[in-house]
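Q:
In my numbering, the protein residues as written are 153 to 334.
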């Protein structure tokens, strides 16, 4: 059971109500994660704004969702794994591609480089080496895309932590975590 009140969109007011209405329009519902974040108008604005900004970024929705499932699996976040697996499928990834991304793998070398980088950043709490960034460049990423990958990592850490720490109920079709808890 959740450790925090999930804000009912029908009881929300002001900018929170407006943002929850935008979220409902985008998803056809207001996912529980946003209801939890809505306890803080600033946190909700940050989260929703980040999703919007990164959704229009250069990496594209498919890679963004692949990064999200790799990080969710590392952080044992059932909520994000379920949500982003479904969103990845809507962004054009196959079920196999999303399963592989969850494990940090891809048949596409460029995607694989981004996933391995993201996992390394998470596992090492950003304590990476110049060679790690150089590997992204060798895979064809420029500085804008490197920074955008880090922005995806940061957003997903926030959502993972929100959902895991507050035990937000999953309201997407479940996906099994593959990584044993560290």
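We put the beta carbon where it would ideally sit given N, CA and C, even for glycine.
Keep in mind it's a predicted model, so treat the numbers as computed, not measured.
Where does residue 331 fall in DSSP's three states?
A: Residue mapping note: residue 331 aligns to position 179 of the chain shown, counting from 1. Residue 331: coil per DSSP, three-state reduction.
Q: Between the C-alpha atoms of residue 165 and residue 315, what's the straight-line distance to the nearest angstrom?
A: Working through the chain shown from its first residue, we reach residue 165 at position 13. Working through the chain shown from its first residue, we reach residue 315 at position 163. Using only the alpha carbons, I get a separation of about 23 Å.
Q: Going along the chain, which residues of its own chain have a beta-carbon closer than 8 Å to the beta-carbon of residue 169, five neighbours each way excluded?
A: Along the chain shown, read from residue 1 onward, the residue named residue 169 stands at position 17. Taken in chain order, the residues that qualify are 161.
Q: Quick one: using the 10 Å Cβ neighbour count with 16 as the cut-off for buried, is residue 103 buried or exposed?
A: No information on residue 103 is available, as it lies outside the stretch 153 to 334 that the chain covers here.
Q: In this structure, does DSSP put residue 202 in helix, strand or coil?
A: Mapped onto the chain shown, residue 202 falls at position 50. Of the three classes helix, strand and coil, the one that applies to residue 202 here is helix, per DSSP.
Q: Does the beta-carbon of residue 283 have 16 or more other beta-carbons within 10 angstroms, so that it is buried, or is it exposed?
A: Position 131 of the chain shown, counted from the first residue, corresponds to residue 283. With fewer than 16 Cβ atoms within 10 Å of its Cβ, residue 283 is classed as exposed.
Q: In this structure, how does DSSP classify residue 183 when only helix, strand and coil are distinguished?
A: In the chain shown, residue 183 corresponds to position 31, counting from 1. If DSSP states are grouped into helix, strand and coil, residue 183 belongs with coil.
Q: Since residue 225 and residue 331 should fall inside the 8 Å C-beta cutoff, what is the C-beta to C-beta distance between them, to a whole number of angstroms?
A: Along the chain shown, one-based indexing puts residue 225 at 73. Along the chain shown, one-based indexing puts residue 331 at 179. Yes, they are in contact, since the Cβ atoms of residue 225 and residue 331 sit about 5 Å apart, within 8 Å.
Q: Using the Cβ count rule (16 or more neighbours within 10 Å means buried), how would you classify residue 325?
A: Reading the chain shown from its first residue, position 173 is the one you call residue 325. That one is exposed.
Q: Buried or exposed, going by whether 16 or more other CB atoms sit within 10 Å of the CB of residue 199?
A: The residue labelled residue 199 in the question sits at position 47 within the chain shown. Buried.
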